[in-house]
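Visitor: Final position of the sequence shown in our numbering is 229; the numbers increase by one with none missing.
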Amino acid sequence: WRAALNQSYLFLGIQHAFRFATEPSTRMEMNGPFFSDYFASVGNLAGWRDGDEFYVNYVGHTLQGAVTGFIYVHNDPAGRRLEVGRNKQYWMSRLKAAAWSAVHSLQFEIGPLSEASLGNVGLRPSEKSNHPMGYVDLVVTPVLGTAWVVGEDLLDRYVIRRIEDSTQNRLIRILARCFLNPSRTLANLLRGQEVWYRDDRYLRKGPRP
21 WRAALNQSYL FLGIQHAFRF ATEPSTRMEM NGPFFSDYFA SVGNLAGWRD
71 GDEFYVNYVG HTLQGAVTGF IYVHNDPAGR RLEVGRNKQY WMSRLKAAAW
121 SAVHSLQFEI GPLSEASLGN VGLRPSEKSN HPMGYVDLVV TPVLGTAWVV
171 GEDLLDRYVI RRIEDSTQNR LIRILARCFL NPSRTLANLL RGQEVWYRDD
221 RYLRKGPRP
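1. Quick check on the burial criterion: 16 or more other C-beta atoms within 10 angstroms. Buried or exposed for Leu133?
2. Roughly how many angstroms separate the alpha carbons of Arg114 and Tyr75, rounded to a whole number?
3. Measure the Cβ-Cβ separation of His81 and Val160 and say whether it is below 7 Å.
4. Do the region 181 to 192 and the region 139 to 148 make contact, defined as three or more Cβ pairs closer than 8 Å?
5. Got a sec, what are the start and stop residues for the alpha helix (DSSP H) Val79 sits in?
6. Assuming Asn233 and Leu175 make a contact with CB atoms under 8 Å, what is their CB distance in whole Å?
7. Fully enclosed by the region 32 to 94, which alpha helix (DSSP H) runs are 4 residues long or longer?
8. Sort Thr88, Arg190 and Gly33 by Cα distance to Thr166 and report the nearest one.
9. Go to Met121, then tell me how far its alpha helix (DSSP H) extends in each direction, as first and last residue.
10. Using a Cβ-based criterion (distance less than 6 Å to any ligand heavy atom), does Trp120 qualify as near the ligand MG?
11. Please state whether the Cβ-Cβ distance between His124 and Ser203 is less than 7 Å.
12. Between Ala122 and chain C, is any beta-carbon pair separated by less than 7 Å?
13. Is the separation between the beta-carbon of Arg100 and that of Asp219 shorter than 7 Å?
14. Alpha carbon to alpha carbon, what distance is there between Gly33 and Arg228?
15. Between which two residues does the alpha helix (DSSP H) containing Trp168 stretch?
16. Just verifying my parser: in three-state terms, what is the DSSP assignment at Pro145?
17. Beta carbon of Asn77, beta carbon of Met153: below 7 Å?
18. Which value, in whole angstroms, describes the spacing of the CA atoms of Gly281 and Glu172?
19. Between Asp70 and Gly142, what straight-line distance do the alpha-carbon atoms span, to the nearest angstrom?
20. From Phe9 to Ala122, what distance separates their C-alpha atoms?
21. Whole angstroms are fine: how far does the CA of Pro97 sit from the CA of Pro162?
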């Protein structure tokens with residue numbers, strides 16, 4: 021649990037660092053009273069849409085959910101080496117990952133260290149929306165994020181493994197693992213492993229003990 025929490029906090033820090041680096045409105049909103057603005061921002065949560073572009077809500081947050089899902093999977097001794105298939109253990113593992121992703125999403129959107137508290141998203145109407153704090157991200161992140169996790173598991177088993185079986189070229193194997201499993205790649209980086217790392221097998225040959 022400690023490792024999973026530390027990796028999630030690191031990812032959360034990266035997300036907020038990106039927000040502060042790229043969003044002038046986030047930096048500007050840090051000047052007001054912290055707690056009253058935070059509670060007012062959370063209280064304005066309403067509706068489905070939040071005014072963000074399609075790729076932000078349905079691609080960016082999906083990837084966020086997949087990364088946090090893999091953070092859970094990587095730190096679950098019972099689930100990290102399971103292959104996608106018709107077995108209860110695999111699907112229970114990924115449902116738990118969905119729950120972890122949902123908690124991280126809740127924290128990122130409206131938690132104590134969130135968009136609502138650090139930048140007061142939702143406090144005031146924006147140019148894009150009258151209520152820029154909507155439910156879309158809270159739902160999309162864990163639901164589509166978990167679907168993305170399963171999709172990467174499918175690609176890893178049925179596409180990446182075939183590529184590895186067909187070549188011993190180290191670069192090709194690395195590229196296949198990284199580009200066909202981007203969220204797993206970032207989650208590997210967050211846990212201090214090589215970006216191409218797999219818990220069940222080495223890069224060149226053979227299963228891990």
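All residues carry an ideal CB built from backbone N, CA and C; glycine is no exception.
Predicted, not measured: the structure shown is a model, and the values here were computed from it.
Guide: In this structure, then:
1. By the beta-carbon neighbour count (other beta carbons within 10 angstroms, threshold 16), Leu133 is exposed.
2. In this structure, the alpha-carbon of Arg114 lies about 24 Å from that of Tyr75.
3. When the beta-carbon positions are compared, His81 and Val160 come within less than 7 Å of each other.
4. Put simply, the region 181 to 192 does not touch the region 139 to 148. Fewer than three CB pairs are less than 8 Å apart.
5. Neither: Val79 is in no alpha helix (DSSP H) and is coded neither H nor E.
6. Here the chain comprises residues numbered 21 to 229, so residue 233 is not present and cannot be evaluated.
7. The region 32 to 94 contains these whole alpha helix (DSSP H) runs: 44 to 48, 54 to 63 and 81 to 94.
8. Residue Thr88 is the option with its Cα nearest to Thr166.
9. Here residue 121 turns out to be Ser, not Met, going by the sequence shown. Residues Lys108 to Ile130.
10. The model on display carries no ligand, and the ligand MG is accordingly not part of it.
11. Cβ distance not < 7 Å, so His124 and Ser203 don't count as in contact.
12. Of the chains in the structure shown, none is chain C; there is only one protein chain.
13. Yes, Cβ-Cβ distance for Arg100 and Asp219 is below 7 Å.
14. Linking Arg228 to Gly33 through their CA atoms gives a straight-line distance of about 32 Å.
15. Element bounds for Trp168: Val156 to Leu175.
16. Pro145 falls in the coil class under three-state DSSP.
17. Contact flag unset, no.
18. The chain is shown only over 21 to 229; residue 281 falls outside these bounds and no answer can be derived.
19. Approximately 9 Å, taken between the alpha carbons.
20. The requested residue 9 does not occur in the structure, where the chain is confined to residues 21 to 229.
21. Roughly 21 Å between the two C-alpha positions.
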